Structure formats: C-alpha cells, structure tokens
Amino acid sequence: MIASTFTPSRPVDETITLLDGDTFTFRQIQSFEFKGIENSAKSWKELYEYILKTLYEQDPGLMTTLIQEPEQYPTLKVILSFSRQTLRSPMLVGDSIYAETNLDTNRKMQAVRDLLEAYGEDLSGLAITLKSSKSHLPADDEDTGDSVDRALEENASDELFLDFWSQTLEHLSSLTSQFGHLQPTSDSWKNFGAGLSGLAYGFSISQKDCAVYFIMQRPDKDENKSAFDYLAARRAEIESTFGSKLEWNRLDQKKSSIIVIRLGSVDIRQESQWPAAIDFMTNNLIRMQQSISP
C-alpha cells in the first residue's frame, strides 16, 4: 500500500464525495481520504495517480482486464494502455501498464469514478476536502509591458495554473530534453533559461490568448536593446527557419525587449482548449529555440 503523505493543514471549507455530482474545474483540492488513509494533495493529478496506483496494487489482474475488455468502461480505453507510445503523456502504473495524464480535471475525476466502480469500491469511500476558492492575479512585469498579457480575472485559481503547467511541461519533456528538469508554477507564465544570463524563452496564457516568447531582460537596458537589434538584423533568416512571422517588440520605453508568437481565442478557464494550447506552445517553443539559438 502506498504510504500516506498527509500533513495537517489549515481548516478548509468543504468535503465532498464522487456521489455529490460536483464539477471539479476551478476547485482546489486540499486533501483526500481513501481506505482510511488521508493524504494532502497539491493538485487533482496527485489524487488521480494515487488512485491508479492503489487500485493496481490491490488487483493488478483487474486493471489488465480493463485494458483487454474495455466494453463496460469505454472511457478507460483511451486512458489505460499496455504501450506508452499510444498515450500522449504516459505514467507507469505498474508492470507494463500505463495511464494517460494529459487530461483536464473533470476527465481525470471521471476516470477515477470509473476505476472505483470497476473495482467495486463505494464512491462515497473517497472523501475529498476542498480549499476555499481564491483569486489569482499575477503581478505585472514592467519590463514586458503589454507584449505578453499576464493579467487574469480573479476567478482563475492557483490550482488551474498548476494543472495546466503540469500537463504542458510533461508534454514538452516528451518532445525534448533541451530545457532540463521542469516544475509547474501557479503563475500565468513560465520561463526557461536560454543559456545566457538575462535571456529566456517562455510561455504565457491568459483568458484571451497564449504566447511563446524570447525575452531579453538583463539589468542593463542598453544590453537588451543591443541583443534585440542583433536578432532583428537576422529577422528574415530567423522567421524563415521558424516558418512564420513573429512579433518583434523592441519596447524602447521599457528595459526589456521581446519576440513573441501568439494563439488567440484561448481561455485558460476552458479546459477543452488546453490540448490545442499545449500543442501550440510546446511546438513553437522548440521551433523558436531552434531559430534563435541554433
């Protein structure tokens, strides 16, 4: 049995079970109790992975059967597999059994519900304690100005960003090892070192778009403008290698300069839009790095 990771924490507002019919989007998990063991949790992904591994340890053969005979629980057919190559962001559950982790919160919890039913577990036996909702308004960075929109309305939570970046970084790691060991954040942006101090590639996402950027943000403004001008002189070559036009923002009134590509009509609150945003961001980050720092 997996050991408990629970540690006491501050009081929270509400405890629910899967029988309550709640939607889990925008809800922040504090802890959960299953089979008498209480665990703290920073994300819904932690609960999802815990249930998968616990049920596998309980009966590995049944999970094998769920893959071989998916008729009763067809939703699990696209989540469980014997081959990691068939999944976008696989996690190893047990002996040659993998599970998809690149799922929005409600799909994760639907999978948990189906797994518990398949294993004959009472749905009321998983008690989930929720944090009270809180707003998330990332601090504005004066250096980037309006070039990358980081301002979100107050109903976007830390949990939402952690979940989104967890999925994004898992997918990025499956495509390249160029950016090293990656950790999710509760911010609306994520930077990656470019190999030189003060230079970084990055992602951002808001309620109106997502973006991939290369930012020059050294302490010396003149150094940033010189770096931008050097790249701008190679603009035709860089955009030819990249494969499309980029936004070039020298930002003369700001300390930093930035090069950006955006995908419009993306809302962080709409988890159904995450796969398209993740594909756009990860693929364009790799292309941008190959174009600017070949």
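Position 292 of the sequence shown, counted from 1, bears residue number 292 in the working numbering, the numbering being contiguous throughout.
Yeah, the Cβ is synthetic: ideal placement off N, Cα and C, and Gly gets one too.
Keep in mind the model is a prediction, meaning the values are calculated, not measured.
Locate the alpha helix (DSSP H) running through alanine 232, then write down its first and last residues.
-> Position 232 of the sequence shown, counting from 1, holds the residue named residue 232. First-last of the alpha helix (DSSP H) with alanine 232: 221-232.
Go ahead and label arginine 234 buried or exposed: buried means 16 or more other beta carbons lie within 10 angstroms of its beta carbon, across all protein chains shown.
-> Looking up residue 234 in the sequence shown gives position 234. The residue in question, arginine 234, is exposed, as its Cβ has fewer than 16 Cβ neighbours within 10 Å.
Decide if aspartate 295 is buried, meaning its Cβ has at least 16 other Cβ atoms within 10 Å, or exposed.
-> Examination of residue 295 is not possible in this model, given that the chain is present from 1 through 294 alone.
Cβ of serine 89 within 8 angstroms of Cβ of asparagine 102?
-> Taking the first residue of the sequence shown as 1, we reach residue 89 at position 89. Taking the first residue of the sequence shown as 1, we reach residue 102 at position 102. Yes, Cβ-Cβ distance for serine 89 and asparagine 102 is below 8 angstroms.
For phenylalanine 6, I'd like the list of residues in its chain whose CB is within less than 7 angstroms of its CB, leaving aside the five on either flank, ordered along the chain.
-> Position 6 of the sequence shown holds residue 6. In this prediction, phenylalanine 6 has a pLDDT of 43, which is less than 50 and means its spatial position is unreliable; nothing more can be read from the coordinates.
Paired residues, beta bridge with serine 81 - DSSP = Position 81 of the sequence shown, counted from the start, is the residue given in the question as residue 81. Paired residues: Tyr98.
Starting from the C-beta of isoleucine 292, find all residues in its chain whose C-beta is less than 7 angstroms away, skip the five residues before and the five after it, and write them out in chain order.
-> On the sequence shown, position 292 is the one that residue 292 refers to. Around isoleucine 292: Phe214, Leu231, Ile238.
Using a Cβ-Cβ cut-off of 6 angstroms (strictly less than) and excluding sequence neighbours within five positions of threonine 241, which residues of its own chain qualify?
-> Counting from one through the sequence shown, the residue named residue 241 turns up at place 241. For threonine 241, where only same-chain residues beyond five positions count, the Cβ hits under 6 angstroms are Ser291.
Please determine, among Asp187, Glu49, Ile97, the residue with the shortest C-alpha to C-alpha distance to threonine 65.
-> Looking up residue 65 in the sequence shown gives position 65. Checking every option, the nearest Cα to that of threonine 65 belongs to Ile97.
Over what stretch of residues does the alpha helix (DSSP H) that includes isoleucine 51 continue unbroken?
-> Along the sequence shown, read from residue 1 onward, the residue named residue 51 stands at position 51. First-last of the alpha helix (DSSP H) with isoleucine 51: 44-58.
Please report the Cβ distance between serine 186 and aspartate 158, rounded to the nearest whole angstrom; I am assuming they are in contact, meaning their Cβ atoms lie under 8 angstroms.
-> Here residue 186 refers to the residue found at position 186 of the sequence shown. Here residue 158 refers to the residue found at position 158 of the sequence shown. Contact holds; Cβ gap of about 4 angstroms.
Using three-state DSSP, classify glutamate 244 as helix, strand or coil.
-> Walking along the sequence shown from the start, residue 244 turns up at place 244. In the sequence as presented, glutamate is not what sits at residue 244; that position holds serine. Serine 244: coil per DSSP, three-state reduction.
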